[in-house]
Amino acid sequence: AGIKTGLGRIGWHTFRHSYSTMLRALKVDVKVQQELLRHADIRTTLNIYTQAVPEALRTANSKVVQMVLPERKTA
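Residue numbers for the sequence shown follow this note's numbering, beginning at 1094 and rising by one.
Structure below.
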């Protein structure tokens, strides 16, 4: 299917990476995520299988900006 659409070869690990990333985006506890993927070491789950999603990156960045540069209230 991936080759027909021009994406190249898509293996099972591609789906596992996507699944892990989606679980993280849904804010599923990392320990639950590790167990669902059946990883012995949580570092495998977090460092290899999980990617940061753009929306989560933007949200995190916005929160830091709001902390550093809070909006001033005008009277």
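Heads up, the beta-carbon is just placed ideally off N, CA and C, and yes, glycines get one too.
As the structure is a computational prediction, the values presented were derived from the model and not from experiment.
Taking buried to mean at least 16 other C-beta atoms within 10 Å of its own C-beta, is residue i buried or exposed?
i       : result
Thr1143 : buried
Leu1119 : exposed
Leu1116 : buried
What residue range does the alpha helix (DSSP H) around residue i cover?
i       : result
Thr1152 : 1147–1161
Thr1114 : 1105–1118
Leu1129 : 1123–1130
Quick one: what's got a C-beta closer than 7 Å to residue i's C-beta in the same chain, skipping five residues either side?
i       : result
Leu1139 : Val1123
His1106 : none
Please work out which residues of its chain come closer than 8 Å, Cβ to Cβ, to residue i, disregarding the five sequence neighbours upstream and downstream, and give them in chain order.
i       : result
Met1151 : For clarity, residue 1151 is Arg in the given sequence; the question names Met instead. Result list for Arg1151: empty, nothing under 8 Å.
By Cβ distance below 6 Å, which residues in the same chain neighbour residue i in space, the five residues on each side in sequence not counted?
i       : result
Val1146 : Ala1118
Gln1127 : Ile1135, Thr1138
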